[in-house]
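Participant: Quick one: this structure, given as structure tokens, is what I'll be asking you about.
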Amino acid sequence: MSFLSKENCILCVIDMQDKLAKVMKNLDATTKNISLLIKAAKELDVPIFYTEQYPKGLGETIEPLKSLLSDVQRFDKMSFSALEIPEIKTFIVDSSKTTVVLCGIESHICVMSTTIDLIEKGYNVVIAKDAVTSREEEFYNTAIAFYNSIGAKVIPSESIVFYWLKFAGTESFKKLQKVILGKE
4 MSFLSKENCI LCVIDMQDKL AKVMKNLDAT TKNISLLIKA AKELDVPIFY TEQYPKGLGE
64 TIEPLKSLLS DVQRFDKMSF SALEIPEIKT FIVDSSKTTV VLCGIESHIC VMSTTIDLIE
124 KGYNVVIAKD AVTSREEEFY NTAIAFYNSI GAKVIPSESI VFYWLKFAGT ESFKKLQKVI
184 LGKE
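Position in the sequence shown (from 1) plus 3 gives the number in my numbering.
Here you go:
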């Protein structure tokens, strides 16, 4: 079974919070692609969790993501890497998944720190390239190059979703195709 199969993956949405999001490049596209990943994960029973960095100061997760994640496990953190939180480590271990799909902000800080720690712990890491962003294009580009250099897989959100789907024509395909085409 492939490292990217839905059976092997868990989705982590990192720090898509109000005060952070306001200063991000390409926020609308990033949010749209994260929404797609969340909807696909829910449709295909891929476990999901999300983080909020210092929510008292940085605010809550932005809409429409907050509503999509209302029934999903949230972890608050002060660390840049999600893996510094013991409950997150336990959540990932208990899921028995070997691949963590990451999306969120910022690509060169919290997403990067989490990526490094996951790889060091032996996990496969997939970065949804169009579902991560930073305040500056240079930071984003540097992060993407770095992910590639340390063995993370960097691919578009749609590629992840279609790999999880495996086949056209299924009910799940029809539902998610509407999301992709903007008809939902």
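Note that the Cβ used here is the ideal one computed from N, Cα and C, for glycine as well.
Scan the region 121-171 and note each continuous beta strand (DSSP E) run of 3 residues or more that stays entirely inside, going in chain order.
Facilitator: For the region 121-171, whole beta strand (DSSP E) runs of length 3 or above, ordered along the chain, are 127-136 and 156-158.
Participant: DSSP three-state label for F78, please.
Facilitator: Looking at F78 - three-state DSSP - the assignment turns out to be strand.
Participant: Taking only the alpha-carbon atoms, compute the straight-line gap between L40 and M115 and give it to the nearest angstrom.
Facilitator: Cα to Cα, the separation comes out at about 19 Å.
Participant: Measure the C-alpha to C-alpha separation of E10 and K124 and round it to an integer number of angstroms.
Facilitator: Looking at the two C-alpha atoms, the distance is approximately 19 Å.
Participant: Restricting to Cα atoms, I'd like to know which of L71, K22 and E46 is closest to V16.
Facilitator: Looking at the Cα atoms, L71 is the closest of the given residues.
Participant: Could you check whether the region 89-96 touches the region 105-114, counting it as contact only if at least three pairs of C-beta atoms, one from each stretch, sit closer than 8 Å?
Facilitator: In short, these stretches do not touch, since the Cβ pair count stays below three.
Participant: So, for Q56: in the same chain, excluding its five sequence neighbours on each side, which residues have a beta-carbon less than 7 Å away from its beta-carbon?
Facilitator: Counting only Cβ-Cβ distances below 7 Å, and skipping sequence neighbours, we find D18, Q20, K80 and C113.
Participant: Buried or exposed for S160, going by 16 or more other Cβ atoms inside 10 Å?
Facilitator: It counts as buried.
Participant: Run through the DSSP bridge pairs and tell me what L68 is partnered with.
Facilitator: According to DSSP, which records beta bridges pairwise, L68 is partnered with nothing at all.
Participant: Starting from the Cα of E139, find the closest Cα among I13, F6, G185 and L23 and give me that residue.
Facilitator: Minimum Cα distance to E139 is reached at L23.
Participant: Considering only their Cβ atoms, is the gap separating I108 from T118 smaller than 8 Å?
Facilitator: Cβ distance not < 8 Å, so T118 and I108 don't count as in contact.
Participant: Name the DSSP beta bridge partners of T117, please?
Facilitator: None, per the DSSP bridge assignment.
Participant: So the candidates are E46, L168, V96 and A134; which of them puts its Cα closest to the Cα of D31?
Facilitator: Considering only alpha carbons, the answer is A134.
Participant: Return yes when the Cβ of K100 is within less than 8 Å of the Cβ of I13, no when it is not.
Facilitator: Against a cut-off of 8 Å, the Cβ pair of K100 and I13 comes out as a contact.
Participant: DSSP three-state label for L30, please.
Facilitator: In this structure, L30 counts as helix in the three-state DSSP scheme.
Participant: Does I51 pass the burial test, meaning 16 or more other C-beta atoms within 10 Å, or should it be called exposed?
Facilitator: Buried.
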